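Shown next, in structure tokens, is the structure this report addresses.
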Ligand SMILES: [Zn+2]
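Numbering (the working numbering), first residue to last: 27 to 151.
Put into structure tokens, the structure is as follows:
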């Protein structure tokens with residue numbers, strides 16, 4: 027998957043970022059700062075201006091768009107549980123999910139710079 031600057035802008039414009047304490051509290055228990063469902067990103071308040079996290083979650087939004095909501099979750103959970111059976115570790119299982127590998131691998135330094143300098147749709151709520 028290739029994402030360029032305008033893809034990121036498009037994704038930012040369709041994505042809703044939600045910092046809802048009870049959900050981020052649960053995420054923190056699993057050492058996670060954010061989780062994406064379709065175009066909804068539940069994100070720790072402290073990470074709302076963190077370009078790494080925003081980019082990572084936007085890659086997931088695009089993956090949902092590419093595969094469809096249900097298929098994304100099926101592929102995700104299948105790989106997660108397969109990894110968990112092998113490794114018995116939450117973190118290792120998480121890193122067995124191809125969607126995560128893709129999201130972590132994804133870097134676009136142009137966009138980083140753009141994101142931090144232009145303060146584009148930085149996320150109400
Ligand atoms: Zn992820």
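In this text, a Cβ means the ideal position worked out from N, Cα and C, and glycines have one as well.
Keep in mind the model is a prediction, meaning the values are calculated, not measured.
Expressed to the nearest angstrom, what Euclidean distance is found between the alpha-carbon atoms of residue 45 and residue 74?
So the alpha carbons of these two residues sit roughly 8 Å apart.
Could you check the C-alpha separation between residue 108 and residue 61 for me, to the nearest Å?
Cα atoms of residue 108 and residue 61: separation of roughly 20 Å, rounded to the nearest angstrom.
Quick one: which unbroken alpha helix (DSSP H) runs of 4-plus residues sit fully inside the stretch 72-138? Chain order, please.
With a minimum length of 4 residues, the continuous alpha helix (DSSP H) runs that stay inside the stretch 72-138 are 77-93, 95-113, 116-120 and 124-131.
Residue span of the alpha helix (DSSP H) that contains residue 65, given as start and end
Note, residue 65: premise wrong, no alpha helix (DSSP H); not H, not E.
Is it buried or exposed for residue 89, if we count other Cβ within 10 angstroms and need 16 for buried?
By the 10 Å Cβ count, residue 89 comes out buried.
Let's see if you can read the secondary structure: which residues bound the beta strand (DSSP E) around residue 43?
Per DSSP, residue 43 belongs to the beta strand (DSSP E) from 42-44.
Residues near residue 150 in its chain [Cβ-Cβ closer than 6 Å; skip 5 each side]
Residue confidence for residue 150 is low, a pLDDT of 46 falling below 50, so the modelled location carries little weight; the figure read from the coordinates is stated next. Spatial neighbours of residue 150 in its own chain (CB-CB distance under 6 Å, excluding positions within 5 residues in sequence) are not present.
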